[in-house]
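Only one structure is covered here, and it is reproduced in the block below.
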Amino acid sequence: MTELSFENHIMTQFDEELEEIRTRLMEMGGKVEQQLKNAILSIHKGDSKLAKDVIEQEKFIDQMEKDIDDSCILVIARRQPAASDLRLVMAVTKAVNDLERIGDEAKKIANHSIILSEKDNANSGYPEVRHIGASVSKMLSDALTAFARFDSEAALRTFNQDEQIDLEYKTALRELMTYMMEDPKSITDVINILWVVRSLERIGDHAKNLCEQIVFVVQGKDIRHG
Numbered sequence: 183m184t185e186l187s188f189e190n191h192i193m194t195q196f197d198e199e200l201e202e203i204r205t206r207l208m209e210m211g212g213k214v215e216q217q218l219k220n221a222i223l224s225i226h227k228g229d230s231k232l233a234k235d236v237i238e239q240e241k242f243i244d245q246m247e248k249d250i251d252d253s254c255i256l257v258i259a260r261r262q263p264a265a266s267d268l269r270l271v272m273a274v275t276k277a278v279n280d281l282e283r284i285g286d287e288a289k290k291i292a293n294h295s296i297i298l299s300e301k302d303n304a305n306s307g308y309p310e311v312r313h314i315g316a317s318v319s320k321m322l323s324d325a326l327t328a329f330a331r332f333d334s335e336a337a338l339r340t341f342n343q344d345e346q347i348d349l350e351y352k353t354a355l356r357e358l359m360t361y362m363m364e365d366p367k368s369i370t371d372v373i374n375i376l377w378v379v380r381s382l383e384r385i386g387d388h389a390k391n392l393c394e395q396i397v398f399v400v401q402g403k404d405i406r407h408g
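Here this note's numbering runs 182 ahead of the position in the sequence shown, where the first position is 1.
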């Protein structure tokens, strides 16, 4: 495992500030991960109450992003970090943006879940959502674990999971389009599911971005464009 070695600081308070930022990032990650799980579960169960809870919780995710960003700005202004410390602060600012975007996508999924739950002929479970949802949830969990451990090798492995998610997404699109053509009455439901799987695919992209930031922090390498 490739791990991060921070610069040796004269100021212990600086170390504490960096650790506090990282801890808050992981807390935000945990909340976003739960938001995603609840959004997916609300579709499986046709649970509009759970979906509404996801929507309500989004404002707290937005506030966490703002608070962490403000803390990062203060650290840069007061401490003028360098080397691995600066990389960490920069990575956190980008990571919280990706986490907030994941929260936005979870909210979109919840909105579609409410619409689907109101349909009498709802297709319980929606296998396309179940399959892609499981893959995306695992990828996000793995990315957050790699971030918590500063494990760039695990981040690179997780980074590659996005290819499988993209493949599952394309397969789901074909299946849903075929289903819609075979049963015109299903068009409204299928369109909602199309938007859901699109949100899931985007969440995979944001999880991939998290992995890129881990590699940047630990190894100082930018792998965004290969």
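For glycine and all other residues, C-beta sits at the position ideal for the given N, C-alpha and C.
CB residue i to CB residue j, shorter than 8 Å?
i	j	result
N391	D286	no
E215	L326	yes
A336	D324	yes
D344	M321	yes
S299	D229	yes
A330	M208	yes
I314	E350	yes
L382	V372	no
V399	S266	yes
V236	A221	yes
Out of the options, which has the shortest C-alpha to C-alpha gap to residue i?
i	options	result
E199	V372, S253, L298	S253
D197	I222, L218, A264	A264
S319	M272, D229, H388, E202	H388
I375	K301, D404, F332	K301
G233	D267, K289, I405	The sequence as given places Ala at residue 233; Gly does not occur at that position. That would be K289, whose Cα lies nearest to the Cα of A233.
K403	I258, R269, V378, R331	R269
V378	V400, Y308, Q346	Y308
I284	G212, I296, I225	G212
G386	F341, T360, A221	F341
I255	Y361, M272, K219	M272
Would you tell me roughly how many angstroms separate the C-alpha atoms of residue i and residue j, rounded to the nearest one?
i	j	result
I396	V278	13 Å
K227	K241	24 Å
R312	K276	29 Å
L355	T205	38 Å
D333	M210	19 Å
A292	T194	43 Å
A328	E282	18 Å
V274	R261	16 Å
L202	Y361	The residue you asked about is not Leu; residue 202 is Glu in the sequence shown. Taking the straight line from one Cα to the other gives about 49 Å.
D251	T353	38 Å
L238	I296	It should be noted that the sequence gives Glu, not Leu, for residue 238. About 13 Å.
Could you check where the alpha helix (DSSP H) with residue i kicks off and where it finishes?
i	result
A325	309-331
S295	265-299
S368	It is not in any alpha helix (DSSP H) - S368 carries neither H nor E in the DSSP assignment.
K403	It is not in any alpha helix (DSSP H) - K403 carries neither H nor E in the DSSP assignment.
N220	194-227
Q262	That residue, Q262, is in no alpha helix (DSSP H); it is neither H nor E in DSSP.
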